[in-house]
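Below is one structure, written out as structure tokens; the observations come after it.
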Amino acid sequence: MSTRIEERVRLALDEDVASYDAALLSRLNRSRQQALDQGLAGRRRAMHSPWLGWATATALLLAVVLSPWPPASGPAPAPTMDTAAAGEDLELLLAADEIEVIEDLEFYAWLQQQSLDG
Amino acid sequence: MELEESTAACRGRLDAFLRSVERRALRMAQLATGNLDDALELVQDGMLVFVRSYRDKPESDWPPLFWRVLDSRVNDHHRRQTVRRRWRVFFGLGAGADESEDADPLAAVADANAIGPLEQALGGESRIAIERALRALPDRQRQAFLLRVWEGLDGAQTAKAMGCSEGSVKTHLFRAMEALRKHLEEHR
Numbered sequence: 083m084s085t086r087i088e089e090r091v092r093l094a095l096d097e098d099v100a101s102y103d104a105a106l107l108s109r110l111n112r113s114r115q116q117a118l119d120q121g122l123a124g125r126r127r128a129m130h131s132p133w134l135g136w137a138t139a140t141a142l143l144l145a146v147v148l149s150p151w152p153p154a155s156g157p158a159p160a161p162t163m164d165t166a167a168a169g170e171d172l173e174l175l176l177a178a179d180e181i182e183v184i185e186d187l188e189f190y191a192w193l194q195q196q197s198l199d200g
Numbered sequence: 533m534e535l536e537e538s539t540a541a542c543r544g545r546l547d548a549f550l551r552s553v554e555r556r557a558l559r560m561a562q563l564a565t566g567n568l569d570d571a572l573e574l575v576q577d578g579m580l581v582f583v584r585s586y587r588d589k590p591e592s593d594w595p596p597l598f599w600r601v602l603d604s605r606v607n608d609h610h611r612r613q614t615v616r617r618r619w620r621v622f623f624g625l626g627a628g629a630d631e632s633e634d635a636d637p638l639a640a641v642a643d644a645n646a647i648g649p650l651e652q653a654l655g656g657e658s659r660i661a662i663e664r665a666l667r668a669l670p671d672r673q674r675q676a677f678l679l680r681v682w683e684g685l686d687g688a689q690t691a692k693a694m695g696c697s698e699g700s701v702k703t704h705l706f707r708a709m710e711a712l713r714k715h716l717e718e719h720r
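Protein sequences appear in the order of chains W and C. Quick note on numbering: the numbering used here labels position 116 of the first sequence as 198, and the sequence is numbered without any gaps. Quick note on numbering: the numbering used here labels position 152 of the second sequence as 684, and the sequence is numbered without any gaps.
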């Protein structure tokens, strides 16, 4: 049973999306067509290229290694970042696709269970 | 020839599905990020991953799969924002935001008091109050509310789209409803 609050919010959101202007709808349409073109062609976006990822990782690591520790100048005291945190950050920036694969496997196990239960 | 027809048919079905969800996806992403350009980028990225990974799955599976991809993209966006801020602070460039570096990225929300361009254009105190109330919710609560109440996913589908248990969805939804009720009653 839906409550008055739910109805009110749902109505407001429906009106919001129904009132998107032509320019925004055009951008959405372009985004969709681009996703279909690239997705169906099986191409990966340049930003997800492993070379770009490794290049970024290398550049960041070099920046950490070569930067003064702590920085020699500057008005503000330099915050510290331990190498473990930096490593986690790099891992996070580079690992999105691997996470997806794991999540997908989990998700399909669930879908299969749903169809067996159903 | 058959392959071309099959690809065209597949593209048509995917196009129709994505067209049916794209406006709501954009609205949800905008509520999560507080920025229209970021939201558009997340939606496009989500569509691309969805098409690339799930185009051959049964159409009945597409809705929870699509929302799972978008949810993952939004969470990833928040994490990357946090990482970028931390590195900016580290290199003395300033945080560029008012959040501390150890803030929980998943709890990060857009400025609760900011009014989006749509709200300005549409006007109305009620609409503005709803916008603010939704933005003020923690991400997980807002996501549970929008997927269950607006998108119409059931509990199990919402749980998988959010990567949590059905019990957690119920808890997030209950808290979201309480917060929205409180906020909107205060702004009557």
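Idealized CB from N, CA, C, for every residue including glycine.
1. Does lysine 702/C come out as helix, strand or coil in the three-state DSSP assignment?
2. Can you check whether the C-beta of tryptophan 599/C is within less than 8 Å of a C-beta belonging to chain W?
3. Let me confirm a value: alanine 100/W is counted as buried when at least 16 other C-beta atoms fall within 10 Å, else exposed. Which label applies?
4. Between serine 201/W and chain C, is the shortest Cβ-Cβ distance under 8 Å, so that the two count as touching?
5. Quick one: what does DSSP say asparagine 567/C is sitting in, helix, strand or coil?
6. Give the residues of chain W in contact with glutamate 718/C, contact being defined as C-beta atoms less than 7 Å apart.
7. With DSSP collapsed to three states, give me the class of threonine 85/W.
8. Please report the Cβ distance between arginine 543/C and leucine 122/W, rounded to the nearest whole angstrom; I am assuming they are in contact, meaning their Cβ atoms lie under 8 Å.
9. For a test of the three-state rule: what should DSSP assign to glutamate 683/C, helix, strand or coil?
10. Using three-state DSSP, classify leucine 492/C as helix, strand or coil.
11. Please state the DSSP three-state secondary structure of leucine 98/W.
12. Quick check on alanine 548/C: buried or exposed, where buried means 16 or more other Cβ atoms within 10 Å of its Cβ?
13. Is the Cβ of leucine 118/W closer than 8 Å to any Cβ of chain C?
14. Can a CB atom of chain W be found closer than 8 Å to the CB of glutamate 508/C?
15. Check whether chain W comes within 8 Å of arginine 620/C, counting only Cβ atoms and requiring the distance to be less than that.
16. Give me, in chain order, the residues of the same chain whose beta-carbon lies closer than 7 Å to that of glutamine 675/C; leave out the 5 immediate sequence neighbours on both sides.
17. Grouping DSSP H, G and I as helix and E and B as strand, with all else coil, what is proline 595/C?
Reading it off the structure:
1. helix
2. no
3. exposed
4. An answer regarding residue 201/W cannot be provided, because it is not within the stretch 83 to 200 covered by chain W.
5. coil
6. Here the premise fails: no neighbours, minimum Cβ distance about 13 Å.
7. coil
8. 6 Å
9. coil
10. Missing from the structure shown is residue 492/C; chain C here goes from 533 to 720 and no further.
11. This sequence places aspartate at residue 98/W; leucine is not what is there. The answer is helix: DSSP assigns aspartate 98/W an H, G or I state.
12. exposed
13. yes
14. This structure gives no information on residue 508/C, because the portion of chain C shown stretches from 533 to 720.
15. no
16. Asp603 and Met694
17. helix
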